[in-house]
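Chemist:
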Amino acid sequence: MHSVSGFFLIVTFFIIGVSILAVYTTTLATELGLEKDDLQITSLAHLTKSMDWENDYNEEKIGERILKAQLDNLNIILQGNFTKNNVTEIANNFAMYKSHLENLEGSVTVDGSLLNLKHKAESEYDSFLQSVDHISDISKKIGMYELTTILLIIAAGLGGVSEISRNKLLGYPAFLIGAVGIIILFMITFMSSILI
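Heads up: the sequence shown begins at 4 in the working numbering, then just goes up one per residue.
(1) Excluding the 5 residues preceding and the 5 following M4 in the sequence, name in chain order all residues of the same chain whose CB lies nearer than 6 Å to its CB.
(2) Just how far apart, CA to CA, sit I180 and M54?
(3) Are the stretch 34 to 46 and the stretch 105 to 120 touching by the rule of at least three beta carbon pairs closer than 8 Å?
(4) In whole angstroms, what separates the C-alpha of I197 from that of S142?
(5) On the criterion of 16 or more Cβ atoms from any shown chain inside 10 Å, does K101 qualify as buried, or is it exposed?
(6) Rounded to whole angstroms, how far is the Cβ of Y27 from the Cβ of L117, which I believe are closer than 8 Å?
(7) Less than 6 Å between C-beta atoms, sequence neighbours within five positions excluded: which residues of the same chain meet that for I157?
(8) Where do the N-terminal and C-terminal ends of the alpha helix (DSSP H) with D136 fall, by residue?
(9) DSSP on S53, reduced to helix/strand/coil?
(10) Only counting the same chain, and skipping five residues up and downstream in sequence, which positions put a Cβ closer than 6 Å to that of V164?
(11) Given that a residue counts as buried once 16 or more other Cβ atoms are within 10 Å of its Cβ, and exposed if not, what is M147?
(12) Report the rounded CA-to-CA distance for L161 versus G184, giving the unit in angstroms.
Given below as C-alpha cells:
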C-alpha cells in the first residue's frame, strides 16, 4: 500500500508539471499566431508595393514607346515641312522628348528610370517571398506546439484518471505520452531546425 501512495504522489506532481507545460505551449502557439498574422499583413503590403512598382514600370514603358513614336513623328515633320517658323517649336519638343527618354533610360540610381522602377518592384517582391517563407516556418512551429499541447493534455488526463481510479496501468501511458510531449517541446525550443 505504501508504494502505491508514492506512485500516485509522483503522478500528481507529473499532472501538475504537464498541465503547466500545456498552458505554456498553448501560450507560445498563440503568440506565434499573432506574429504570423502581423507577418501576413506585412507580406501583403510588400506584394501590393511590388505590384504598384510593376504597374509604374509598365506605365513608363508605354510612355517610352509613345515618346519614341513622337520623336519619329518629329523626324517626319522635319523632313516634310521644314520652315524657319517651326524650327524653335520643333527644337523645344525634341529637347523635351529627349530629356524624358534619357530619364527613362537612366541607371538604377536615377529615380523614375525603368531600371529603378524594375529594381524597386523586384526588391519588394523578394521581401514578399522572404515573408512567405518566414510565415511558413512559423506555421510549422505553431503546428508542433499544438501537437505538444495535445500530447501533454492527454498525458494529464490519463494521469488524472489513473490517480482517481488508483490504476497504475493508466499511469504508465501517461508518463510515456507526457515524456514524448516534453521531448518534442525541448526539441522545438532548442533544436527547432530538426523538426521544422
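Built from N, CA and C at the ideal position, the CB exists for glycine as well. Just so you know, these numbers come straight off a predicted model, no measurement behind them.
Modeler: In short:
(1) Indexing the sequence shown from 1 puts residue 4 at position 1. Bear in mind that the predicted position of M4 carries a pLDDT of just 45, short of 50, making it unreliable; the figure below should be weighed with that in mind. Excluding positions up to five away in sequence, the list is empty.
(2) In the sequence shown, the residue the question calls residue 180 occupies position 177. In the sequence shown, the residue the question calls residue 54 occupies position 51. If I take the Cα positions, the gap works out to 49 Å.
(3) no
(4) Here residue 197 refers to the residue found at position 194 when the sequence shown is read from its first residue. Here residue 142 refers to the residue found at position 139 when the sequence shown is read from its first residue. Taking the straight line joining both Cα atoms gives about 15 Å.
(5) As a working note, residue 101 is residue 98 in the sequence shown. Counting Cβ neighbours within 10 Å, K101 comes out exposed, since fewer than 16 surround it.
(6) Sequence index remark: in the sequence shown, residue 27 carries index 24 (1-based). Sequence index remark: in the sequence shown, residue 117 carries index 114 (1-based). Actually they do not touch by this definition, with Cβ atoms about 53 Å apart.
(7) For the purposes of this step, residue 157 is taken as the residue at position 154 of the sequence shown. If we look at I157 and ignore the five residues flanking it on each side, its Cβ neighbours are I180.
(8) Position 133 of the sequence shown, counted from the first residue, corresponds to residue 136. Segment L117 to S168, the alpha helix (DSSP H) holding D136.
(9) For the purposes of this step, residue 53 is taken as the residue at position 50 of the sequence shown. If DSSP states are grouped into helix, strand and coil, S53 belongs with the helices.
(10) As a working mapping, residue 164 is identified with position 161 in the sequence shown. So the qualifying residues of the chain are L173.
(11) Taking the sequence shown and counting its residues from 1, one reaches residue 147 at position 144. Its Cβ being crowded by 16 or more others within 10 Å, M147 is buried.
(12) Taking the first residue of the sequence shown as 1, we reach residue 161 at position 158. Taking the first residue of the sequence shown as 1, we reach residue 184 at position 181. Approximately 14 Å, taken between the alpha carbons.
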